[in-house]
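Chains as they are written, first to last, in our numbering: chain Z, 174 to 667; chain S, 174 to 667.
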């Protein structure tokens with residue numbers, strides 16, 4: 174037993190190290206790679222994926238895992254979690270035929286370009302055949318993974334182990350009508366103005382670095398660069414984030430940074446003993462998003478924190494438009510009409526996600542075909558948001574996800590918000606003086622609580638169990654919905 | 174036969190892709206890595222090396238190679254070169270016991286730190302035991318590689334395949350007395366002044382980018398960053414260089430860049446058909462250095478090119494000190510006393526290398542022990558240069574190479590200069606109007622000639638054969654020595 178665990182742990186450690194390298198390569202690609210290197214890089218990435226797949230499919234894993242699973246009572250909690258993660262990765266690698274995995278890699282490496290071109294030309298028909306190919310392959314992969322089970326649930330496991338569509342739908346169906354009603358009410362009320370003027374981009378980056386440190390981001394184990402799309406990358410002692418700047422919208426830079434700092438702090442905060450083990454990375458996309466969202470929204474867009482931020486921004490940029498901290502708070506939380514998920518405000522964001530979740534499930538289960546997707550998107554958007562999609566790049570073509578085969582990913586965004594709502598309630602109960610600290614720009618209590626209750630545990634517990642252990646209750650959409658209703662009724666005097 | 178070659182080529186292609194990734198990781202480490210990531214990075218690199226070693230030792234290679242080597246007449250020149258490179262890497266991986274390879278990796282990962290500390294404290298005794306360990310391991314490795322042959326020659330193959338100490342010594346022994354005599358004569362003459370004043374470092378970087386492009390560096394397939402030590406990294410379509418700036422010495426930035434552009438242009442210039450094959454990288458350290466040195470010295474420090482550079486620098490920095498282009502040329506080529514190889518001028522540089530070559534050979538062959546190394550270094554330095562070493566950090570502790578086990582690397586620096594001398598003669602014969610072009614800042618003829626005769630062939634020919642094919646003659650030290658004597662007798666009116 175001990176021999177088997179040592180062999181497994183050594184194997185997993187090297188796999189984790191190689192996975193970190195592959196992740197670093199993606200960071201490089203999005204930040205510093207020369208543009209002429211794209212094709213070569215594709216081949217380098219494919220080689221790395223091949224190595225990782227071979228390691229995860231290694232037949233010796235079957236033996237080690239079988240030996241360890243035969244005596245579960247002998248496993249410490251860390252060993253049990255290690256076995257669980259290794260089993261999941263091994264089964265996945267073994268179940269998907271090599272031919273299918275290679276075909277998915279080949280098709281998705283091309284399809285992203287097809288999607289980008291179709292989006293630029295606002296022509297869904299130009300993307301539909303390729304999307305059809307990707308979908309067919311992902312359905313096949315899902316079927317291989319699901320064996321007798323549900324195909325969509327099988328795909329979901331890649332992003333949210335242990336979750337099921339039934340469980341998600343129960344929460345999302347409860348959210349949907351209340352979100353629509355709240356947004357409808359807000360839309361009838363007077364909206365606060367946006368910021369006006371332009372904001373020096375170097376000064377934005379200086380502020381963003383300060384704010385990142387304020388939220389606990391450890392710059393000795395990370396770095397901040399600019400990229401087209403903000404992201405966080407890496408685990409342990411090398412966790413990098415990117416952000417972007419717009420001269421007219423400093424919130425874009427600032428809240429992208431705070432969001433990514435949430436992801437990065439999770440990775441930086443994991444128990445150092447789990448470094449380069451299967452426990453040494455965030456446990457799921459949903460739990461990851463709970464961290465980025467609570468940093469960005471429940472903390473970063475709170476009345477208390479924005480009152481501190483208002484002072485910081487006035488000091489650096491002079492007059493911003495809003496006359497006082499309360500007006501600034503209203504501007505930060507301004508609800509605005511729009512088509513694009515990534516630009517949506519805190520209130521409307523989840524409605525974008527629920528739309529995609531329902532459509533992608535229908536695609537995977539064959540209740541919807543690609544030929545009918547654009548029409549289905551447009552009908553659902555107008556029903557939910559109250560105005561029609563004006564063009565495909567503002568609708569069905571806006572997100573990259575499906576083009577690269579990420580079916581099952583979207584719901585983790587809202588699941589993360591749901592988890593953030595639960596964590597926020599528990600945090601408020603544990604830290605009665607939180608607002609006073611936030612108003613002084615002191616995030617240490619909030620981030621310390623998250624580190625203790627969530628972040629340091631990494632992959633020790635299953636995703637849902639991670640949130641339960643932190644909050645003492647089963648996850649529910651109620652705290653998120655109550656938080657949104659309270660906040661936006663107050664903001665819009667409803 | 175065809176099947177074996179296809180299998181071999183597919184295997185080598187993936188190995189080459191993974192080697193590129195490992196190289197990119199080193200670039201990352203020297204330029205952008207957060208300082209807290211060092212230990213984790215060490216483990217990531219070790220995992221990558223383990224993957225590469227396993228791929229090169231793969232027993233299937235023995236079968237494929239044996240099948241292909243059995244019918245050499247059936248191989249195209251490209252296939253024959255592929256087999257040759259794969260055989261070399263496979264034999265190396267198989268001959269060195271895994272235990273020894275791991276021990277070398279372990280010891281050298283620590284010894285670099287020990288060396289750095291000893292250098293900082295100017296204390297050779299603090300480094301000697303560790304160096305002894307490294308040397309013992311490298312001797313053992315050399316013996317494993319050499320089988321019945323010469324141990325030093327076996328180590329040399331890692332950097333200069335096909336070379337032998339006997340061959341190198343014949344050239345170096347011919348160089349040595351003539352270099353010493355020439356330097357002695359120069360030292361008796363009046364030296365031109367150095368530059369004076371300070372030079373804006375951002376402007377230095379702007380100029381360095383312009384000059385890099387002038388020398389043919391393709392920025393769409395590369396990038397220039399600052400690092401403590403200038404280097405070039407990567408092959409094919411992602412070849413990056415680093416440089417450094419000093420406010421008082423703009424030549425440091427400029428000539429470091431030109432040197433690295435020589436290395437990078439070689440990699441960028443290789444036939445795209447060889448991308449990610451064993452032929453798709455520079456064929457040896459010596460041939461590599463021939464490119465960096467001919468760019469830096471024979472071209473970059475020529476009277477013609479410096480007359481153009483003088484105008485560029487005056488435009489950007491105003492008065493530099495030297496009154497005219499001729500005075501500037503003398504300043505660029507100023508011979509100055511010093512202890513440090515990497516800061517040595519074109520004339521004295523090789524003397525530094527010959528010293529290290531003789532000492533490291535003696536260490537490997539047990540004619541010299543580590544305990545006696547400092548004394549041997551100091552005696553040889555004073556005999557060659559005419560003044561004594563003042564402290565270990567200016568002497569035996571100045572270079573990192575031996576601490577990380579690079580025995581056999583040093584001679585490739587002077588071999589590169591010898592090759593550059595041969596290429597320069599042939600280039601001058603082929604391009605009678607070269608000086609007029611250089612004086613106009615037009616490097617296209619020179620770099621075009623190098624691309625055609627050397628760079629595009631990558632690993633197609635053996636190193637020595639690469640130079641022979643480009644110049645039409647067997648390599649000799651005579652062109653280099655004649656070039657140095659002509660140039661410095663002229664400069665110093667001897």
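Every residue, glycine too, gets a C-beta built ideally from N, C-alpha and C.
Query: The segment 654–667 of chain S contacting the segment 603–619 of chain S, beta-carbon criterion three pairs below 8 Å; Result: no
Query: Cβ of residue 207(Z) within 8 Å of any chain S Cβ; Result: yes
Query: Proximal residues to residue 637(S) (C-beta, below 7 Å), its chain only, five neighbours per side dropped; Result: 335, 648
Query: Sufficient close CB pairs (3 or more, under 8 Å) joining the segment 244–260 of chain S to the segment 268–286 of chain S; Result: no
Query: At least 3 beta-carbon pairs within less than 8 Å: the segment 432–445 of chain Z vs the segment 454–461 of chain Z; Result: yes
Query: Residue 642(Z) versus residue 604(Z): straight-line alpha-carbon distance, rounded; Result: 17 Å
Query: DSSP three-state assignment for residue 224(S), whether helix, strand or coil; Result: helix
Query: Assigned secondary structure, residue 342(S) (DSSP; H/G/I helix, E/B strand, else coil); Result: helix
Query: Member of 590(Z), 300(Z), 650(Z), 350(Z) whose CA lies at the smallest distance from the CA of residue 291(Z); Result: 300(Z)
Query: Reduced DSSP secondary structure (H/G/I, E/B, other) of residue 413(Z); Result: strand
Query: Contacting positions in the segment 591–604 of chain S - beta carbon closer than 9 Å to chain Z; Result: none
Query: Beta carbon proximity, residue 449(Z) to chain S, threshold 8 Å; Result: yes
Query: Proximity of residue 221(S) and residue 198(S) at Cβ, strictly below 8 Å; Result: yes
Query: Backbone secondary structure at residue 465(S) - three-state DSSP; Result: helix
Query: Closer than 8 Å at the beta carbon, the chain Z residues around residue 198(S); Result: 194, 197
Query: is_contact[residue 213(Z), chain S] using C-beta, thresh 8 Å; Result: yes
Query: Option nearest residue 275(Z) by Cα separation, candidates 257(Z), 375(Z), 316(Z), 227(Z); Result: 227(Z)
Query: Listed by chain order, chain S residues near residue 378(Z) by CB distance under 7 Å; Result: Those within 7 Å of residue 378(Z) in chain S number zero; the least Cβ separation is about 16 Å.
Query: Rounded straight-line distance, which links the Cα of residue 309(Z) to that of residue 178(Z); Result: 38 Å
Query: Rounded C-alpha distance that separates residue 565(S) from residue 510(S); Result: 17 Å
Query: Proximal chain S residues relative to residue 187(Z), where beta-carbon distance stays under 7 Å; Result: 220, 223
Query: Classification of residue 230(Z) by the beta-carbon crowding that lies within 10 angstroms, buried from 16 upward; Result: buried
Query: Helix, strand or coil at residue 429(S) according to DSSP, with G and I counted as helix; Result: helix
Query: Assigned exposure category for residue 667(Z) - 16 Cβ within 10 Å defines buried; Result: exposed
Query: Whole-angstrom C-beta distance between residue 207(S) and residue 395(Z), which should lie under 8 Å; Result: 6 Å
Query: Three-state secondary structure (DSSP) of residue 399(Z); Result: strand
Query: As assigned by DSSP and simplified to three states, the class of residue 480(Z); Result: helix
Query: C-beta neighbour in chain S for residue 201(Z), strict 8 Å; Result: yes
Query: Cutoff 6 Å; reference residue 400(Z); Cβ partners in own chain excluding five residues on either side; Result: 203, 204, 415
Query: Residue 538(S) to residue 314(S) span [Cα, whole Å]; Result: 13 Å
Query: Residue closest to residue 602(Z), alpha-carbon to alpha-carbon, out of 304(Z), 521(Z), 331(Z), 645(Z); Result: 645(Z)
Query: Closer than 8 Å to chain Z by CB, residue 454(S); Result: no
Query: Contacting residues, own chain, Cβ-Cβ under 7 Å from residue 436(S) (five flanking each side not counted); Result: 405, 461, 464, 465
Query: Separation of residue 372(S) from residue 631(Z), as counted between CA atoms; Result: 50 Å
Query: Proximal chain Z residues relative to residue 393(S), where beta-carbon distance stays under 8 Å; Result: 207, 208, 209
Query: 8 Å Cβ shell around residue 570(Z) - same chain, five flanking residues per side excluded; Result: 288, 291, 292, 295, 297, 300
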